[in-house]
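What follows is one structure encoded as structure tokens, with my remarks underneath.
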Amino acid sequence: MTGRQGPALSRRSLIGAGLGITAAGIAASGSGQALAAGSEGVAGSGGAGSEGAGPLSAPARGRAFLAAAMDAYPGHGSIRLAQSYTDQAGLFSTAFTYDNALAILAHLAARSSESLARAAALGDALLYAQTHDPAYDDGRLRQAYNVGPYTFYDGSPQPDGFVRADGTANVGTQFGFTGTAVGDMAWAGIALSALARRTGARRFLAGAVRIGEWIERTGRTDEPLGGYKFGVDGANQPLPFTSTEHNTDLVCLFGRLARLTGQRVWLQRRARAEAFVRRMWEPAGGFFYTGTNDGVTVNKSPIPEDTQTWTHLALGSRTGEYARSLDWAVAELTALDHAGRTNSTVPAGQSYEGVTFSSASLVANEDAPIAEGQPKPDRNGVWFEGTAHLALALRDRGNRGDEARARRLLVSAERAQDLLGDGQTIGGKALPEQAGVVSASSPLDTGFGFGYYPYRHTGATAWYLMAAARFNPLRA
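Quick note: the sequence shown uses the working numbering, first residue -3, plus one each step.
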């Protein structure tokens, strides 16, 4: 991909062991016993609070899904992560590091003792993975882990939970989720630093600092465009790309580490990441580009949604030219999905409003599968994860009309939680009723070599919960 104008891979691209970079179909603690799902009070919008007080609100049902994803394999130890997608997605018990970082932050947004306990348990599981990697002791986390047993497609058994019989963390080798991306690491560091700030526990800050130091050692680049590069593949080989999204994440992480440690070196690192992000700004169009493949040339296409919303959340651009990125996302990436759309899987009589993944999603080839063995895309498929962070960014900006639009987007996500993904399971177990937001209303092509599908998803649900609670995870 070097030397041509193609898509720089995002955090969600799959980093395979010994394969360099591969694109695939989807992508997508320590102590204490399993906690009862769905008994917390309401955070954000919605109605009644706890199970004993009437019907659960939409946020409470979202938290019930996160709890079910975390507690799906009770016979395999108390140190656990949350499964990222329902079983129907075909990824078995895969738990992506990014999704679990989001789950921690969503639990912190709820501001209850029960949610705090869950957040701390997930944080301790990330710390366990960091200190019990089967091959490295340098502070890294892998792209994903297995959290429960299953039989793979080739008939080979995967018998362990998150902690293998030898005590090592159960890295997701079956799908090649063995590399380490700067974006995944940054989100884990953001979650651990948020836990450190909320609890005062030094172990969480120490883990976040180790993540920051790994990123500095591995990702820092002196190429003309600067910033921090993508990370390493499963064979520990450096990847040549530099992502706007990743560097946006680092603006938050490094800024937060500066505040929590008092060490000015983190401010210098933050400035380096922020300078790269600002170089990706296109003033004529009012949006941020995705990054660079070679450190020299800006990648002009596709243009993703998250580089518009996360930049706002991290930079705090309520006024000024960068605030226009949200307007670009609304104007250029809005999607309306219903049964009349080509390749839509939305049931008759339903419709969903939101945004899609990128500028390429709206012009995807609807006559060809997204990937081998996958369905054909719906150009108007709604990406609910992105729809939620757009809603949160609009609420944060607070311009005229922003709150009304944000509420419409949240209502769409809540309708999806009510009506899409019925009958799906995690660990073979039924989910709480109407719990969990699907990643997309219909199959959609991201334009980055993979798709999103109508499976209930930890990441999409977590972003919905943060948007409902007005909780900005990227504010240092």
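Idealized CB from N, CA, C, for every residue including glycine.
C-alpha gap between residue i and residue j, whole angstroms
i: GLU429; j: ARG57; result: 8 Å
i: SER239; j: THR457; result: 24 Å
i: PRO343; j: LEU416; result: 9 Å
i: ALA280; j: THR352; result: 22 Å
i: GLY336; j: ARG404; result: 21 Å
i: ALA271; j: LYS425; result: 47 Å
i: LEU406; j: ALA463; result: 8 Å
i: ALA310; j: ALA472; result: 7 Å
i: PHE61; j: GLN139; result: 22 Å
i: TYR285; j: THR421; result: 37 Å
i: PRO450; j: ALA431; result: 14 Å
i: THR293; j: GLU362; result: 30 Å
i: ALA99; j: LEU191; result: 12 Å
i: GLY119; j: ASN295; result: 35 Å
i: SER454; j: ASN339; result: Just to set this straight, residue 454 is Thr in the shown sequence, not Ser. THR454 and ASN339: Cα-Cα distance of roughly 25 Å.
i: TYR448; j: ALA85; result: 10 Å
i: GLY394; j: MET66; result: 34 Å
i: THR174; j: GLN154; result: 16 Å
i: THR341; j: ARG206; result: 44 Å
i: THR330; j: PRO469; result: 23 Å
i: TRP262; j: LEU427; result: 42 Å
i: SER74; j: LEU358; result: 43 Å
i: ARG401; j: SER408; result: 11 Å
i: ASP414; j: GLY345; result: 14 Å
i: ARG194; j: ALA436; result: 32 Å
i: GLY258; j: GLY445; result: 41 Å
i: ARG260; j: GLY443; result: 39 Å
Residue range of the alpha helix (DSSP H) that includes residue i
i: THR457; result: 454 to 464
i: ASN142; result: From DSSP, ASN142 is part of no alpha helix (DSSP H) but of the beta strand (DSSP E) over 140 to 142.
i: ALA182; result: 178 to 195
i: ALA202; result: 198 to 215
i: GLY312; result: No alpha helix (DSSP H) contains GLY312, which DSSP labels as neither H nor E.
i: PRO55; result: 54 to 66
i: HIS72; result: Note, HIS72: premise wrong, no alpha helix (DSSP H); not H, not E.
i: GLU270; result: 261 to 275
i: LEU249; result: 240 to 257
i: GLU362; result: That residue, GLU362, is in no alpha helix (DSSP H); it is neither H nor E in DSSP.
Beta-carbon contacts of residue i that lie in its chain and below 7 Å, excluding the five residues immediately before and after
i: LEU137; result: THR93, LEU122, ALA125, GLN126, THR176, ASP180, MET181, ALA184
i: VAL143; result: TYR69, ARG76, LEU77, GLN79, SER89, ALA91, GLY157, PHE158
i: LEU31; result: Bear in mind that a pLDDT of 29 at LEU31, under 50, signals an unreliable position, so the model cannot answer this.
i: ARG275; result: LEU221
Proximity winner among the options, relative to residue i (alpha-carbon distances)
i: ASP83; options: TYR146, TYR460, SER357, TRP324; result: TYR146
i: GLU212; options: LEU329, ALA197, VAL247; result: VAL247
i: ARG452; options: GLY382, VAL359, VAL433; result: VAL433
i: THR397; options: LEU322, GLY227, HIS242, SER53; result: Checking the sequence, you will find Gly at residue 397 rather than Thr. Taking only the C-alpha atoms, the option nearest GLY397 is LEU322.
i: ASP218; options: THR169, VAL261, PRO234, ARG268; result: ARG268
i: SER152; options: THR164, ALA161, GLN170; result: GLN170
i: GLU209; options: ALA165, VAL178, GLY50; result: VAL178
i: LEU112; options: GLY135, GLY196, GLY419, ARG265; result: GLY196
i: ALA131; options: PRO55, GLU410, THR164; result: THR164
i: HIS72; options: PHE444, PHE446, ALA436, GLY423; result: GLY423
i: ASN232; options: GLY316, GLU328, ASP134, GLU368; result: ASP134
i: GLU368; options: ASP441, GLY312, SER108; result: ASP441
Endpoints, the beta strand (DSSP E) within which residue i is located
i: GLY350; result: 347 to 351
i: HIS334; result: 330 to 334
i: PHE92; result: 90 to 92
Neighbourhood of residue i by C-beta, 8 Å cutoff - its chain only, sequence neighbours within 5 removed
i: SER189; result: PHE200, LEU201, ALA204, LEU249, ARG252, LEU253, LEU256
i: ARG466; result: GLY40, LEU388, ARG391, ASP392
i: ASP95; result: ALA24, ALA78, SER80, HIS453, THR454, GLY455, ALA458
i: GLU399; result: LEU390, ARG391
Cβ pair residue i, residue j closer than 8 Å
i: GLU301; j: ALA325; result: yes
i: ALA412; j: TRP459; result: no
i: PRO373; j: ALA360; result: yes
i: GLN370; j: PRO298; result: no
i: GLY230; j: GLY215; result: no
i: LEU386; j: ALA102; result: no
i: GLY291; j: PRO365; result: no
i: GLU410; j: ALA54; result: yes
i: PHE237; j: GLY172; result: no
i: ASN376; j: LEU332; result: yes
i: ILE186; j: ALA105; result: no
i: TRP277; j: TYR224; result: no
Same chain, Cβ closer than 6 Å to residue i, neighbours up to 5 away in sequence not counted
i: GLY282; result: ARG320, TRP324
i: THR244; result: VAL273, TRP306, THR307, ALA310
i: LEU87; result: TYR81
i: SER347; result: HIS334
i: ASN166; result: TYR141, ASN142, ASP156, PHE158, ARG160
i: VAL378; result: ALA331, ASP333, TYR348, GLY350, SER437
i: PRO234; result: VAL228
Short CB-CB distance (under 8 Å) between residue i and chain D
i: PRO236; result: The structure shown contains no chain D; it is built from a single protein chain.
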